[in-house]
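K.L.:
Each residue of the sequence shown is one higher than the one before, starting from 10 at the first, in the working numbering. Built from N, CA and C at the ideal position, the CB exists for glycine as well.
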Amino acid sequence: MALRKLGQKDLARIAGQAVYVVVVAGFTFAWAQAVPFMIRPMWSFSGQVPLVPAVQPIQANITWLACWPAGRGGTVRATIVALSKPPRPTAVKFEQVKPGRLAQIMPILMIPVQAMFITLLLGGLVDNLALGAVMFVLITLILGRGCFSSR
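Okay, structure coming up:
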């Protein structure tokens, strides 16, 4: 009944928030399915096989884990956001701040961090630590080349 009184923009906001809740639940479900693959590098680099009891609690409760974002108040949040009015533009003018030296250097500093993250995600495909180090160096070079060639 209350939805009939809402305008097109309000209904669009509610629909957008509902889609957001479904997407978050889907990502949570996919993450729970991928847990064994993501934790495999811990055992791969040490030459062992992952223990089934280590991931069994998450694997056994995937549905509850995926429904948690929606049950946590996603619908209520969507309604509150849809019914709230957008903020007014500020009356105070702010000067545009020019990015400093750190803002220019930060993308370069993040290349090894991103390469390490990708290497750990792909670590289950690597047989030993030496191949993992080679893969880290190659990914760092690939990311670095992309960073410097885009300028």
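Closest by CA to P116, which one among M125, L138, F157 and L74?
P.N.:
Answer by Cα proximity: F157.
K.L.:
Roughly how many whole angstroms lie between the Cα atoms of R22 and L140?
P.N.:
Looking at the two C-alpha atoms, the distance is approximately 48 Å.
K.L.:
Looking at the structure shown, is P66 part of a helix, part of a strand, or coil, going by DSSP?
P.N.:
Residue state, collapsed to three classes: helix.
K.L.:
If you draw a straight line from the alpha carbon of K18 to that of T128, how long is it in whole angstroms?
P.N.:
Near 44 Å, if we compare the C-alpha coordinates of T128 and K18.
K.L.:
I'd like to know if the segment 118-136 and the segment 145-153 are in contact, where contact means that at least 3 CB-CB pairs between them fall below 8 Å.
P.N.:
Cβ pair count under 8 Å is three or more, so yes.
K.L.:
According to DSSP, is L138 part of a helix, a strand, or is it coil?
P.N.:
DSSP places L138 in helix when its eight states are reduced to three.
K.L.:
Given a threshold of 16 other Cβ atoms within 10 Å of its Cβ, counted over all protein chains shown, does Q57 qualify as buried or as exposed?
P.N.:
The residue in question, Q57, is exposed, as its Cβ has fewer than 16 Cβ neighbours within 10 Å.
K.L.:
Using only alpha-carbon positions, find the residue among V28, A39 and G132 that is nearest to M144.
P.N.:
The option with the nearest alpha carbon to M144 is G132.
K.L.:
Pull up the CB-CB distance for L60 and I67, whole angstroms please, since I reckon it's below 8 Å.
P.N.:
The pair is not a contact, with the Cβ atoms about 13 Å apart (cut-off 8 Å).
K.L.:
With 16 as the cutoff for other CB atoms within 10 Å, does A112 come out buried or exposed?
P.N.:
A112 comes out exposed.
K.L.:
Exposed or buried, what is V135 when buried is set at 16 or more other beta-carbons lying within 10 Å of its beta-carbon?
P.N.:
It is buried - the Cβ of V135 has at least 16 other Cβ atoms within 10 Å.
K.L.:
Can you give the Cα-Cα distance for K102 and T37, rounded to whole angstroms?
P.N.:
Spanning the two alpha carbons is a distance of roughly 41 Å.
K.L.:
Looking only at its own chain, which residues have a Cβ that is under 8 Å from the Cβ of I71, when we skip the five neighbours before and after it?
P.N.:
F38, A41 and Q42, listed in sequence order.
K.L.:
Relative to the C-alpha of G153, which candidate in L118, N137, V33 and L130 has its C-alpha closest?
P.N.:
Looking at the Cα atoms, L118 is the closest of the given residues.
K.L.:
In the DSSP assignment, find the unbroken alpha helix (DSSP H) run with F126 in it and report its ends.
P.N.:
Counting along the chain, the alpha helix (DSSP H) containing F126 begins and ends at R110 to L130.
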